[in-house]
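Colleague: Residue numbering for the sequence shown follows the working numbering, beginning at 18 and increasing consecutively.
Next up is a structure, given as structure tokens.
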Amino acid sequence: MTRKYAMTGAAMALVMIMGGGANAATITPPGEAFAQNPGSDYFLADYTAYEAYLKTLASQSDRMKLVDIGKSEEGRTQWVAIVSSPANLAKLDHYKSIAKRLAKAEGLTKEEAAKLAAEGKAIVWIDAGMHATEVVTSQGQIQVLYRLLSQNDPETLRHLDDVIVLYGHDNPDGMELVSDWYMRDADVKKRDVNTIPRLYQKYVGHDNNRDSFMSHMSETTNVNKMLFREWYPQIIYNQHQPAPAGMVVFVPPFRDPFNFNYDPLVMTTLQEVGMAMHSRLVAEDKPGSGARSAAPYSTWHNGMERSVAYFHNAVGLLTEITGNPTPMPLALVPDVQLASNDRPMPAAPQTWHLNQTVEYQYSLNRAVIDYAARNRERLLFNIYKMGANSIDKGQKDSWTITPTKIDALKEAAKTAKAPVEDPVLAAMIGRGAVDPTLYKSVLQSPETRDPRGYVIPADQADMPTVVTFLNALIKTGVDVDKATKPFKVGTKTYPAGSYVVKTAQAYRPHVLDMFEPQDHPHDVEYPGGPPKSPYDITGYTLAYQMGIKFDRILEGFDGPFERVPDVIAVTSGSVKGSGKAGWLISHETNKSFTLTNRLLKAGAPVFWLKEGSKAGKQAFGPGAIWVPASAQAQAIVTASVKDLGIDAYAVGAKPAGESLPLKPVRIGLVDVYGGSMPSGWNRWLFEQFEAPFEVVYPQRLDAGNLAKDYDVLVFADGTFPAPAGGPFRGGRSFPQPKAEDIPAEFHPWLGTVTDAKTLPQLAAFAKDGGTLIAVGSSGRLATALGAPVEVAVAKKDGDKLTALTTKEFYIPGSVLRAKVDNRQPLAYGLPQDVDVFFDRSPTFNLKAAATGVAKVSWFDTETPLRSGWAVGQEKLKGSTAVLDIDLGKGKLFVMGPEVTQRAQSYGTFKFLFNGLLYGPAIAASR
Numbered sequence: 018m019t020r021k022y023a024m025t026g027a028a029m030a031l032v033m034i035m036g037g038g039a040n041a042a043t044i045t046p047p048g049e050a051f052a053q054n055p056g057s058d059y060f061l062a063d064y065t066a067y068e069a070y071l072k073t074l075a076s077q078s079d080r081m082k083l084v085d086i087g088k089s090e091e092g093r094t095q096w097v098a099i100v101s102s103p104a105n106l107a108k109l110d111h112y113k114s115i116a117k118r119l120a121k122a123e124g125l126t127k128e129e130a131a132k133l134a135a136e137g138k139a140i141v142w143i144d145a146g147m148h149a150t151e152v153v154t155s156q157g158q159i160q161v162l163y164r165l166l167s168q169n170d171p172e173t174l175r176h177l178d179d180v181i182v183l184y185g186h187d188n189p190d191g192m193e194l195v196s197d198w199y200m201r202d203a204d205v206k207k208r209d210v211n212t213i214p215r216l217y218q219k220y221v222g223h224d225n226n227r228d229s230f231m232s233h234m235s236e237t238t239n240v241n242k243m244l245f246r247e248w249y250p251q252i253i254y255n256q257h258q259p260a261p262a263g264m265v266v267f268v269p270p271f272r273d274p275f276n277f278n279y280d281p282l283v284m285t286t287l288q289e290v291g292m293a294m295h296s297r298l299v300a301e302d303k304p305g306s307g308a309r310s311a312a313p314y315s316t317w318h319n320g321m322e323r324s325v326a327y328f329h330n331a332v333g334l335l336t337e338i339t340g341n342p343t344p345m346p347l348a349l350v351p352d353v354q355l356a357s358n359d360r361p362m363p364a365a366p367q368t369w370h371l372n373q374t375v376e377y378q379y380s381l382n383r384a385v386i387d388y389a390a391r392n393r394e395r396l397l398f399n400i401y402k403m404g405a406n407s408i409d410k411g412q413k414d415s416w417t418i419t420p421t422k423i424d425a426l427k428e429a430a431k432t433a434k435a436p437v438e439d440p441v442l443a444a445m446i447g448r449g450a451v452d453p454t455l456y457k458s459v460l461q462s463p464e465t466r467d468p469r470g471y472v473i474p475a476d477q478a479d480m481p482t483v484v485t486f487l488n489a490l491i492k493t494g495v496d497v498d499k500a501t502k503p504f505k506v507g508t509k510t511y512p513a514g515s516y517v518v519k520t521a522q523a524y525r526p527h528v529l530d531m532f533e534p535q536d537h538p539h540d541v542e543y544p545g546g547p548p549k550s551p552y553d554i555t556g557y558t559l560a561y562q563m564g565i566k567f568d569r570i571l572e573g574f575d576g577p578f579e580r581v582p583d584v585i586a587v588t589s590g591s592v593k594g595s596g597k598a599g600w601l602i603s604h605e606t607n608k609s610f611t612l613t614n615r616l617l618k619a620g621a622p623v624f625w626l627k628e629g630s631k632a633g634k635q636a637f638g639p640g641a642i643w644v645p646a647s648a649q650a651q652a653i654v655t656a657s658v659k660d661l662g663i664d665a666y667a668v669g670a671k672p673a674g675e676s677l678p679l680k681p682v683r684i685g686l687v688d689v690y691g692g693s694m695p696s697g698w699n700r701w702l703f704e705q706f707e708a709p710f711e712v713v714y715p716q717r718l719d720a721g722n723l724a725k726d727y728d729v730l731v732f733a734d735g736t737f738p739a740p741a742g743g744p745f746r747g748g749r750s751f752p753q754p755k756a757e758d759i760p761a762e763f764h765p766w767l768g769t770v771t772d773a774k775t776l777p778q779l780a781a782f783a784k785d786g787g788t789l790i791a792v793g794s795s796g797r798l799a800t801a802l803g804a805p806v807e808v809a810v811a812k813k814d815g816d817k818l819t820a821l822t823t824k825e826f827y828i829p830g831s832v833l834r835a836k837v838d839n840r841q842p843l844a845y846g847l848p849q850d851v852d853v854f855f856d857r858s859p860t861f862n863l864k865a866a867a868t869g870v871a872k873v874s875w876f877d878t879e880t881p882l883r884s885g886w887a888v889g890q891e892k893l894k895g896s897t898a899v900l901d902i903d904l905g906k907g908k909l910f911v912m913g914p915e916v917t918q919r920a921q922s923y924g925t926f927k928f929l930f931n932g933l934l935y936g937p938a939i940a941a942s943r
């Protein structure tokens, strides 16, 4: 696409010829640097132009330093513009050091911290563009930067003296894609941002703002490094859109629930900042802001950029603002017109223009910076205070009070005798108070203490996954130690190489949130009413999702530990033994699939051993991988064990027993026009584990003859649509343009998966030996294809199967414990009990006299909840979560839980990985 809307030649030349010095006359205004002024109607600047303008500003202004923080997933440079006074910019390293010392809080007295706070500068992160179709934030940032660099009013100068502002961009690739897509049509009335053909982040689209504690995406890793390992800002402001209907902008504070792990000071400060933002808008006669009940946003989930901030003692801000380059109506919503504490100044309905949004964005940015300037010392000291609080709690007995503990307190109070010695206390107990002695005996019982730390033994089966987990912690600034020698805690001895994560550190809230179960409150619309939908998910304990084995240590402990200085490289594996017949490899490591994929790609034979095997004293469970010796295999095995961190055992004879020969597979990953996020996460996973695949769209499915190109078709959650109101949760849908309105290269991506056209082709594919894998709501394939199963948790409404009400059954994104038959090929390498991610997921019961179907994983208890929130969880008992179904010569594997949820649930990846190889292998043997 042509760049007629990029920077003008004169502005580009300034990048090369200008240097230093700054005043309003020497700073190029955006209107002169771009083909149109960013923020004007029917215009979007793309990232190429934005990047060039940043370089122009950096060359002209002594108030700004431009920093490269890394590459995006598509290879673009991710820039941060550091804005402050010239004097501050000259001492950036000094102020960065102060911010780090205060944020980490180690070895500082209150007096020392107060001196550093007096000397330091407040640091504020403000970003734009994370969700690229939310176009206004990137365009507005251009104008905000120009004003900060060119204005010389007293407030601006005060801000520059007291604050260092880090202006970042979260999604360079998305800005380029969406802006170019919008500007491609010469007819401005036809321009839109809603029909882009693919996800606006290379792999995960909107879920780029659910990656903050995992740091899988390059952009997330780059930003987290700035926030929690280099600059330690006290305020992190993440800008989004749209606003709730009838409003101009949502501004914090947020509604409950409150996450119980972070320091309360972070929330009280957040409310101060949020109200300062509202007050500035009202004082400037800018109506239409709302808070708390005006929108569903809460502070519970850790995975978003502004929310991960809370677990690092920083104020995390989110605004959701209205606006579009195409003028749009601001709706008249009757209830929104009535002023309240949460909507203090309603806005009148009108036609809304992007330049209005830019002015609001400028005011909101200004309000945040002004708060930081006026409260500079408080912000700096308080981030120390919260860090010091965390260190102190991690060094002594401490307790986190959660809803389950409050329920236990109420139960205990029913049988406790109220003290009668104090009549005032007795009267209080009659009005809802309980016996105060229960505080110690129930809320502070010794067995419910928070851990002093966690030990991750080095002798567990899948150490490469352990390293991935620990790196997720390290990338978010958590301190991790490693044992240099064996050590003992209590009566248990741990081997050298074990990892230790202590809670006596500033980021203790984040540590607890990654290891401990989330205990979400029973949050209802009204007493006795239905559950209130959470903002995103409710249970996500990363150690559970990844299948990490760890010990919670409740007493103080120490040992021969050294701090891990940076992200960890996996310890090289090796070939053990000297046998010449071939190699045995454990099925328990996820990385064994990478090795298998490499071998199959090279044409080397690979087998699964049904009964497992042994190599000397080393035992291998069912599904052990057997690689017969050859020169080709030797080269691959020898090289791969080193970089993958797994071991191969050379043996002198082929293992006895039944084996299943694997075959190279051709994987079709189903996607849709506009992009499916679950499919995108799988695409990223397949690349990481070197699985051969191509993306397949509905038109190709409908064309039939699928066996010509594919052995396996993978339907991620939501990619096989489900009708509304039924027992299967539907996926996200995107508007599809007319073919004549988009470039021809995207025409094959159009279309939808349907029962009428697609289902017969899928049935024919499976019956002829193909493998279908359906995850999450795509499990509807089981009933649609007539498998001998029925949905377990549903009810009949006449002839129609419908979902239970949310009062009856509601599990909105939680971690549950399931049983596994790991003697079955689909479950090779898995433990007998596994934590699964469950988000209103389907489960099944086998019909009477069902044949050709096997239960692979199921729920065997009325209380499977491990982390999160579950209404009616007892209804899952006896139902099947993972099914192995015969369809003619082929297979249908149904995985109701989201076994690759946001690429976090490493503990259940093997269900999918096994399915990719097992289905084609068994079909070839029939």
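Where a beta carbon is used, it is the ideal one built from N, C-alpha and C, also for glycine.
As the structure is a prediction and not an experimental result, all values here were calculated from the model.
#1: How do the region 792 to 804 and the region 718 to 735 stand: do at least 3 beta-carbon pairs fall below 8 Å, yes or no?
#2: Along the chain, where does the alpha helix (DSSP H) containing residue 106 start, and where does it finish?
#3: Quick check on residue 681: does DSSP put it in helix, strand or coil?
#4: Let me confirm a value: residue 366 is counted as buried when at least 16 other C-beta atoms fall within 10 Å, else exposed. Which label applies?
#5: Can you give me the C-alpha to C-alpha distance between residue 658 and residue 260, rounded to a whole angstrom?
#6: Report yes or no: do the region 303 to 322 and the region 541 to 552 share at least 3 C-beta pairs separated by less than 8 Å?
#7: Within a Cβ cutoff of 7 Å, which residues of the same chain sit near residue 103, ignoring the five residues on either side of it in sequence?
#8: Assign residue 539 to one of two classes, buried (16 or more other C-beta atoms within 10 Å of its C-beta) or exposed (fewer than that).
#9: How would you write the range of the beta strand (DSSP E) that residue 788 sits in, first residue to last?
#10: For residue 77, which three-state DSSP category applies?
#11: Does the count of Cβ pairs from the region 892 to 908 and the region 845 to 861 closer than 8 Å reach three?
#12: Give me, in chain order, the residues of the same chain whose beta-carbon lies closer than 8 Å to that of residue 427; leave out the 5 immediate sequence neighbours on both sides.
#13: Assuming residue 788 contacts residue 936 under a Cβ cut-off of 8 Å, what Cβ separation, rounded to an integer in Å, is found between them?
#14: Does the region 214 to 227 touch the region 456 to 464, meaning 3 or more C-beta pairs lie closer than 8 Å?
#15: Assuming residue 385 contacts residue 160 under a Cβ cut-off of 8 Å, what Cβ separation, rounded to an integer in Å, is found between them?
#16: Note down the Cα distance separating residue 82 from residue 141, rounded to an integer number of angstroms.
#17: Check the DSSP bridge columns for residue 863 and list the partner residues they point to.
#18: Based on DSSP bridge pairs, tell me the residues matched to residue 186.
#19: Do residue 739 and residue 805 come within 9 Å of each other at the CB atom, strictly closer than that value?
#20: Just tell me which of 747, 648, 908 and 646 has its CA closest to the CA of residue 695.
#21: On the CB-based measure, 16 or more other CB atoms within 10 Å of its CB, does residue 942 come out buried or exposed?
#22: The alpha helix (DSSP H) that contains residue 532, what's its start and end?
#23: What is the residue span of the beta strand (DSSP E) that residue 47 lies within?
#24: Curious, which full-length beta strand (DSSP E) runs of at least 3 residues does the region 527 to 592 contain?
#25: Using DSSP with H/G/I as helix, E/B as strand and the rest coil, what is residue 690?
#26: What are the start and end residues of the beta strand (DSSP E) that includes residue 346?
#27: Express the C-alpha separation of residue 77 and residue 186 in angstroms, rounding to a whole number.
#28: Helix or strand or just coil, what does DSSP make of residue 410?
#29: May I ask which residues mark the beginning and end of the alpha helix (DSSP H) holding residue 158?
#30: Let me know the alpha helix (DSSP H) ranges lying completely inside the region 344 to 383, each 4 residues or longer, listed in chain order.
#31: If we count the other Cβ atoms within 10 Å of its Cβ and call it buried at 16 or more, is residue 777 buried or exposed?
#32: Could you give the uninterrupted runs of the alpha helix (DSSP H) lying entirely in the region 185 to 222, keeping only those of 4 residues or more?
#33: With a cut-off of 8 Å on the beta carbons, I'd call residue 948 and residue 555 a contact; round off their distance for me.
#34: Count the other C-beta atoms from every protein chain shown that fall within 10 angstroms of the C-beta of residue 842, then say buried if there are 16 or more, exposed otherwise.
#35: Beta-carbon within less than 8 Å of residue 678's beta-carbon, same chain only, minus the 5 sequence neighbours each way: which residues are those?
#36: Have a look at residue 889 and residue 547 and give me their C-alpha separation to the nearest angstrom.
Modeller: This is what the structure holds:
#1: yes
#2: 103 to 106
#3: coil
#4: exposed
#5: 51 Å
#6: yes
#7: 79 and 80
#8: exposed
#9: 788 to 792
#10: helix
#11: yes
#12: 451
#13: 3 Å
#14: no
#15: Incorrect: roughly 16 Å between the Cβ atoms, too far for contact.
#16: 15 Å
#17: 806
#18: 145
#19: no
#20: 747
#21: exposed
#22: 525 to 532
#23: Counting along the chain, residue 47 falls outside any beta strand (DSSP E), though it belongs to the alpha helix (DSSP H) covering 47 to 50.
#24: 568 to 570 and 578 to 580
#25: coil
#26: 345 to 347
#27: 20 Å
#28: helix
#29: 153 to 167
#30: none
#31: exposed
#32: 189 to 200
#33: Residue 948 is absent from the model: the chain starts at 18 and stops at 943.
#34: buried
#35: 622, 623, 624, 938, 941 and 942
#36: 12 Å
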